[in-house]
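J.:
Residue numbers (my numbering): 399 to 808.
#1: For residue 742 versus residue 718, is the C-beta spacing smaller than 7 angstroms?
#2: Please state whether the Cβ-Cβ distance between residue 403 and residue 564 is less than 7 angstroms.
#3: When we look at the beta-carbon of residue 460 and count the other beta-carbons within 10 Å, is it buried (16 or more) or exposed?
#4: Rounded to the nearest angstrom, how far is the Cβ of residue 452 from that of residue 467, given a contact under 8 angstroms?
#5: Taking one C-beta from the stretch 589-606 and one from the stretch 653-666 each time, how about it: are there three or more such pairs within less than 8 angstroms?
#6: Cα separation between residue 624 and residue 730?
#7: For residue 689, does the count of other Cβ atoms within 10 angstroms reach 16, so buried, or fall short, so exposed?
#8: What residues match up with residue 714 in a beta bridge as DSSP calls it?
#9: Since residue 773 sits in a beta bridge, which residues does DSSP pair it with?
#10: Who are the Cβ neighbours of residue 622 in its own chain at under 6 angstroms, not counting the five residues just before and after it?
#11: Can you give the Cα-Cα distance for residue 532 and residue 662, rounded to whole angstroms?
#12: DSSP state of residue 496, grouped into three classes?
#13: Who are residue 702's beta bridge partners in DSSP?
#14: Run through the stretch 428-494 for me and flag every whole alpha helix (DSSP H) of 4 or more residues, listed as ranges in chain order.
#15: For residue 434, which residues in the same chain have their Cβ closer than 7 angstroms to its Cβ, ignoring the five residues on either side in sequence?
#16: Would you report the Cα separation of residue 446 and residue 534, rounded to the nearest angstrom?
#17: Considering only residues of the same chain and omitting the five flanking positions on each side of residue 644, which have a CB-CB separation below 6 angstroms?
#18: What are the start and end residues of the alpha helix (DSSP H) that includes residue 756?
#19: Let me make sure I understand the geometry here. Which of 518, 436 and 463 has the alpha-carbon closest to that of residue 483?
#20: Just to confirm my understanding: we take residue 706, look at its own chain, exclude 5 residues before and 5 after, and list those with CB closer than 6 angstroms. What are they?
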């Protein structure tokens, strides 16, 4: 008998009819001889509706009270799904994050999981029940209800799977797996049967929105096999694990991209120790995430310092950088929000020389100028003008033959 944790997102439980479909899937999993824990999100759009309600009272409502409000969305879906299972003569019980003792820190709106006690879950599972758990929520050491932030139900599911030592954590969503790239940009994108945690973590961090990045980190840390599946059509989905693929490891597994990039450059900065810290300190102090960083020494005791931020933070970061410019006696601040990041990802690239050459030649042949480059052992990211993003993705997808099924080992 296997223990399966299934998570269903907001679109999967968006109305009563869809909840009935989920109930049938859960029933089938149980009747296949498995123990089952189900983790649910709120109905699609419900969280936004409650945020809008709160803002009718105050544009910046209390974070504590917002957590109390927002957790009711998941409580609604767990009760409805449990009722649907009862209607199918399946023994099931709903439980909130507090009832399963999901312990978090006290950061309202973005709490981090500290521990999951399993005693209550195990008692119900031992009686043959399906346990339906509210995702996205927990309780702080101060005895307050907390939420885990956007996509937190994925993290809840993985944490529960890790605590229970589940055989697999299945994430049901509106796509049928992880693709070599976004099929809306490249119609020839191919669904991957499997991918490593390292590759998925890179792809999630670089813009692929299939899985919430914290859930991938959690799964990798505790070696919880993840499978991405569709709520709306049958199929094997994509397995994310540490296990070696039975196929030859492809050089490149996928192409990720992010349209929401902005680039800032501080020119003519004194080339001295600690200057990078002085530049980034006010940026990071404003809780602005900094990404691709490049420093170019000019040879006259000066350097140019370039980095990227999310588009939403561009104007604020530019204001802060202009203050730094004056303080350091730098030359000027330049910036652009009309750029995009394109990344190739694959654990096979580390021992395949020529990957970067192929990438740069392909982009050059299409007349696409590269503004900035960063690399790691399993990824290469470039900044390009946003108007070239889709052309870059399609040309790289073709160049690395990602639409071709890998060959079986003989």
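Ideal placement from N, C-alpha and C gives every residue a C-beta, glycine not left out.
T.: Result, derived from the coordinates:
#1: no
#2: yes
#3: exposed
#4: 6 angstroms
#5: yes
#6: 47 angstroms
#7: buried
#8: DSSP, once it has assigned bridges, lists no residue as partnering residue 714.
#9: 778
#10: 556, 559, 560 and 567
#11: 41 angstroms
#12: coil
#13: 694
#14: 444-452 and 461-485
#15: 402, 404, 424, 427, 428 and 528
#16: 14 angstroms
#17: At residue 644, the pLDDT of 45 sits below 50, so the modelled position is not reliable and the matter cannot be decided from this model.
#18: 753-763
#19: 436
#20: 659, 661, 689 and 690
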